[in-house]
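Enquirer: What follows is a single structure, and I will ask about it in a moment.
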Amino acid sequence: MAALMQKIISLAKRRGFVFQSSEIYGGFGSCYDFGPLGVEFKNNIKKSWWEEMTRKHENMVGLDSAILMSPRVWQASGHLTAGFADELVECKSCHKRFRLDEIANSKSEIQKCPECGGQLTKPRKFNLMMKTFVGPVEEKAATTYLRAETCQGIYVNFENILNSMRLKIPFGIAQIGKAFRNEITPKDFIYRTREFEQMEMQWFCHPKEASKWFNFWLKERMKWYLSLGIKKENLRTKEVPKSELPHYAKKAIDIEYKFPFGPAERGGWHEIEGIHNRGDWDLSNHSKNSGKDLKYFDEGTPSQSKLGSGQAKQKYFPYIIETSAGADRSLFAFLCDAYQEIKGGRTQTTKAVKEIEILLKLHKSLAPIKVAVLPLVRNEPKLVKKAKEVYQLLKPHFTCQYDELGSIGRRYRRQDEIGTPYAITIDFKTLKKDDVTIRDRDTMKQERVKIKNLTQILKEKLR
Ligand code: ATP
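Right, here's the structure in full:
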């Protein structure tokens, strides 16, 4: 498992997906930068999520709230107290630190360091909020926190959105943005970092319908991963036991992916998204602390949505069903799922001479580069000129990469390794007939098409 993980990390760096932050200064604790391919890949994931949530579903609106908020928000949400803290134990011999819940199922179970067998300290609680100072003087009044979850920005705007958009329950608010947690044991590449991106949706519904909507959204979210190519056998759901529920949740089910890391007994399963029934925890606490009545007044008119049933005239705190996914963790899962090694390579026409060929079978909509443009050879000025024309033709429509270095076979491999679905080759026939070949990443089949039809054909293929 560890060897595969190393190969994926090495590919991510070598091909410009993910770099260690501040690498020239020796790196900076668990922060990562998304390189030229990583940013395209992550943008595609976020775009797919946004379209799925805001276009496919009715009664859904978006938001982009500030990362910095009044510290009173975090006081009210319960994040400044013990509820949002992880328990840490340290080995007295090797001084490695572990999150208690990662090395034991119950407190009585852990006695020894999983690395060296040394004695462990008693568990200590660490709050995960990242403190910062707003204003030039570091005085107490100016202390606040970088948000630990994007959803609080949604709750504090509940009334604004309700009034400005004239929404009726049930409805949802979707948001994508950065979140920060002072994780005590950040690790496993981009899986657990201190700065990350969340894609969160909060669904406001009548308390009596919370359970129905919980099941609905869990199914929808599972479908999204599968529709983007994640293998069924690598995805599962796991209910969070009552004793481990987050402080705000009445019920939680995690969507887990089978990653190539972690202790053998976990079998690689780790959370990528949480579906939570937050009840009225957030709205009632913000009501109490802000003095604003955040109850919803249901006039009894049936909701315009086909999805919901209108409730009789009443005033209540809606329940919230939350779907909380990590953009970085999803990217990591999509990357692992797409990674394939083919011993000897896939070429049938020549003798297999390569040791291993890498193929990144990313879903077309997630692939960072959609189309590669390759002149057959680079020492033919006419071919190169034509290839550059084709590149300019396609560039406004797709993320394209022009490559003329090395043999054509080698250039196909380079594109396979980064998951480019289509490669366009400009050869000698092109100069006479004004046509090119389109090579399909997965089947390696090539078809000839006229340049004048190329954009349209690619658009259809990539739809
Ligand atoms: P974990 O148990 O792994 O710490 P969590 O249960 O605290 O996660 P939530 O608070 O439910 O996580 O956050 C929702 C999602 O946000 C997670 O499923 C994950 O995708 C993402 N996320 C949370 N913490 C991190 C982190 N430190 N690094 C990267 N992504 C994260």
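In terms of the numbering used here, the sequence shown has 269 at position 276, counting the first letter as 1, and numbering is strictly consecutive. Yeah, the Cβ is synthetic: ideal placement off N, Cα and C, and Gly gets one too. Computed from a predicted structure; not experimentally measured.
Mark I177 as exposed unless 16 or more other C-beta atoms lie within 10 angstroms of its C-beta, in which case mark it buried.
Expert: What you label residue 177 is simply residue 184 of the sequence shown in a count that begins at 1. It is buried - the Cβ of I177 has at least 16 other Cβ atoms within 10 Å.
Enquirer: Would a C-beta distance cut-off of 9 Å place M122 and N175 closer than the cut-off?
Expert: Within the sequence shown, the letter at position 129 stands for residue 122. Within the sequence shown, the letter at position 182 stands for residue 175. A contact, by the Cβ cut-off of 9 Å.
Enquirer: If I follow the unbroken beta strand (DSSP E) through D26, where does it start and stop?
Expert: Along the sequence shown, read from residue 1 onward, the residue named residue 26 stands at position 33. Taken as a continuous stretch (DSSP letters only), the beta strand (DSSP E) holding D26 covers Y25 to F27.
Enquirer: Report the three-state DSSP secondary structure of S298 (helix, strand or coil).
Expert: Numbered from 1 along the sequence shown, position 305 holds the residue referred to as residue 298. Any answer about S298 is weak, because its pLDDT of 47 lies below 50 and its placement is not dependable; what the coordinates show is given next. Note: S298 maps to coil in three-state DSSP.
Enquirer: Is E80 close to the ligand ATP? I mean its beta-carbon at under 8 Å from any heavy atom of the ligand.
Expert: Start at 1 with the first residue of the sequence shown, and residue 80 comes out as number 87. Result no, Cβ not under 8 Å from the ligand ATP.
Enquirer: Leaving out five residues before and five after P361 in sequence, what residues of the same chain have Cβ atoms less than 6 Å from its Cβ?
Expert: Counted from its first residue, the sequence shown places residue 361 at position 368. Same-chain partners within the cutoff: L30, E33 and F34.
Enquirer: Leaving out the 5 sequence neighbours to the left and right, which residues in its chain are closer than 6 Å to Y390 when beta-carbon positions are compared?
Expert: As a first step, residue 390 must be located in the sequence shown, where it is residue number 397. The sequence shown places His at residue 390, not Tyr. T448, listed in sequence order.
Enquirer: Could you check whether the Cβ of H269 sits closer than 8 Å to any heavy atom belonging to the ligand ATP?
Expert: On the sequence shown, residue 269 is found 276 positions in, with the first residue counted as 1. The answer is yes for H269.
Enquirer: Can you determine whether any heavy atom of the ligand ATP sits closer than 8 Å to the C-beta of R187, and answer yes or no?
Expert: On the sequence shown, residue 187 is found 194 positions in, with the first residue counted as 1. Within the cutoff, so yes.
Enquirer: Considering only DSSP beta bridges, list what A317 is partnered with.
Expert: By one-based count along the sequence shown, residue 317 stands at place 324. The sequence shown places Ser at residue 317, rather than the Ala named in the question. E193 and G267.
Enquirer: S23: which of K336, K40 and R185 sits nearest, CA to CA?
Expert: Walking along the sequence shown from the start, residue 23 turns up at place 30. Out of K336, K40 and R185, R185 has the C-alpha closest to the C-alpha of S23.
Enquirer: Could you check whether the Cβ of Q439 sits closer than 8 Å to any heavy atom belonging to the ligand ATP?
Expert: Counting from one through the sequence shown, the residue named residue 439 turns up at place 446. Not so, every heavy atom of the ligand ATP lies at least 8 Å from the Cβ.
Enquirer: Is the region 247 to 265 in contact with the region 225 to 234, if contact means three or more CB pairs nearer than 8 Å?
Expert: Yes, since at least three Cβ pairs between the region 247 to 265 and the region 225 to 234 fall closer than 8 Å, the two stretches touch.
Enquirer: Within the same chain, show all residues whose beta-carbon is closer than 8 Å to that of S298, passing over the 5 residues directly before and after it, in chain order.
Expert: Within the sequence shown, residue 298 is the residue found at index 305, counting from 1. Confidence at S298 is low in this model, with a pLDDT of 47, below 50, so its placement is unreliable and the value that follows should be read with caution. Closer than 8 Å at the Cβ level, and outside the excluded window around S298, lie E51, N52, K161, P163 and F164.
Enquirer: What three-state label does DSSP hand Q13 in the structure shown?
Expert: Here residue 13 corresponds to residue number 20 of the sequence shown, with the count starting at 1. In this structure, Q13 counts as strand in the three-state DSSP scheme.
Enquirer: Looking at the ligand ATP, does it come within less than 8 Å of P179, judged from the CB to the closest heavy atom?
Expert: One-based indexing of the sequence shown puts residue 179 at position 186. Result yes, Cβ under 8 Å from the ligand ATP.
Enquirer: Taking 8 Å as the cut-off, is the C-beta of E41 nearer than that to any heavy atom in the ligand ATP?
Expert: By 1-based counting over the sequence shown, the position of residue 41 is 48. With the sequence shown as reference, residue 41 is identified as Ser, and Glu is not the correct amino acid for it. No, the beta carbon of S41 sits no closer than 8 Å to any heavy atom of the ligand ATP.
Enquirer: Given a cut-off of 9 Å, decide if Y25 and D330 are closer than it, judged by their beta-carbon atoms.
Expert: Taking the first residue of the sequence shown as 1, we reach residue 330 at position 337. Taking the first residue of the sequence shown as 1, we reach residue 25 at position 32. Not closer than 9 Å, so no.
Enquirer: K251 lies in the beta strand (DSSP E); which residues open and close that run?
Expert: Numbered from 1 along the sequence shown, position 258 holds the residue referred to as residue 251. K244 to K251 is the span of the beta strand (DSSP E), which, as asked, contains K251.
Enquirer: Measure the CB-CB distance between K452 and D427 and report whether it falls below 9 Å.
Expert: The residue given as residue 452 occupies position 459 in the sequence shown. The residue given as residue 427 occupies position 434 in the sequence shown. No; because the gap between Cβ atoms is not below 9 Å, this pair is not in contact.
Enquirer: Using a Cβ distance threshold of 8 Å, determine whether the region 261 to 277 contacts the region 306 to 323, with at least three qualifying pairs required.
Expert: Yes, the region 261 to 277 is in contact with the region 306 to 323.
Enquirer: Would you mind working out which of I154, N36 and H199 sits nearest D291, comparing C-alpha positions?
Expert: Residue numbering aside, residue 291 sits at position 298 when the sequence shown is read from its first letter. Ranking the options by Cα distance to D291, first place goes to H199.
Enquirer: Have a look at the DSSP bridge pairing and note the partners of I351.
Expert: By one-based count along the sequence shown, residue 351 stands at place 358. Paired residue(s): E334.
Enquirer: What first and last residue would you give for the alpha helix (DSSP H) that runs through F460?
Expert: One cannot answer for residue 460 here, as it falls past the ends of the chain, which runs -6 to 456.
Enquirer: Nearest CA to the CA of L359: which residue from G402, G222 and G399?
Expert: In the sequence shown, the residue the question calls residue 359 occupies position 366. When each option's Cα is compared against that of L359, the closest is G222.
Enquirer: Given Y395, which residues of its chain have a CB within under 6 Å of its CB, disregarding the five upstream and five downstream residues?
Expert: Reading the sequence shown from its first residue, position 402 is the one you call residue 395. Taken in chain order, the residues that qualify are V366 and Y384.
Enquirer: Out of curiosity, what's the CA-to-CA distance linking S86 and C106?
Expert: Start at 1 with the first residue of the sequence shown, and residue 86 comes out as number 93. Start at 1 with the first residue of the sequence shown, and residue 106 comes out as number 113. Those two C-alpha atoms are separated by around 9 Å.
Enquirer: Measuring only the C-alpha atoms, how far is T136 from G111?
Expert: For the purposes of this step, residue 136 is taken as the residue at position 143 of the sequence shown. For the purposes of this step, residue 111 is taken as the residue at position 118 of the sequence shown. Roughly 39 Å between the two C-alpha positions.
Enquirer: Are the beta-carbon atoms of T436 and L376 separated by less than 9 Å?
Expert: Translated into the one-based positions of the sequence shown, residue 436 becomes position 443. Translated into the one-based positions of the sequence shown, residue 376 becomes position 383. No, the pair does not count as a contact, with Cβ atoms beyond the cut-off.
Enquirer: Comparing C-alpha positions only, which one of S58, H240, G146 and I401 sits nearest to N120?
Expert: The sequence position of residue 120 within the sequence shown is 127, counting from 1. Here the closest residue by C-alpha is H240.
Enquirer: Please determine whether the Cβ atom of R229 lies at a distance below 8 Å from any heavy atom of the ligand ATP.
Expert: The residue you call residue 229 lines up with position 236 of the sequence shown. Checking the Cβ of R229 against the ligand ATP gives no.
Enquirer: Considering only their Cβ atoms, is the gap separating Q168 from D57 smaller than 9 Å?
Expert: Numbered from its first residue, the sequence shown carries residue 57 at position 64. Numbered from its first residue, the sequence shown carries residue 168 at position 175. Yes, the pair counts as a contact, with Cβ atoms nearer than the cut-off.
Enquirer: Using the beta-carbon count (16 or more within 10 Å), is C144 buried or exposed?
Expert: For the purposes of this step, residue 144 is taken as the residue at position 151 of the sequence shown. Result: buried.
Enquirer: Should T413 go down as buried or exposed, given a rule of 16 or more other Cβ atoms within 10 Å for buried?
Expert: For this step, residue 413 is matched to residue 420 along the sequence shown. So T413 ends up on the buried side.
Enquirer: Just tell me which of E237, F207 and N36 has its CA closest to the CA of L93.
Expert: For the purposes of this step, residue 93 is taken as residue 100 along the sequence shown, with counting starting at 1. Among E237, F207 and N36, the Cα nearest to that of L93 belongs to E237.
Enquirer: Got a sec, what are the start and stop residues for the beta strand (DSSP E) Q394 sits in?
Expert: Along the sequence shown, one-based indexing puts residue 394 at 401. Residues C393 to Y395.
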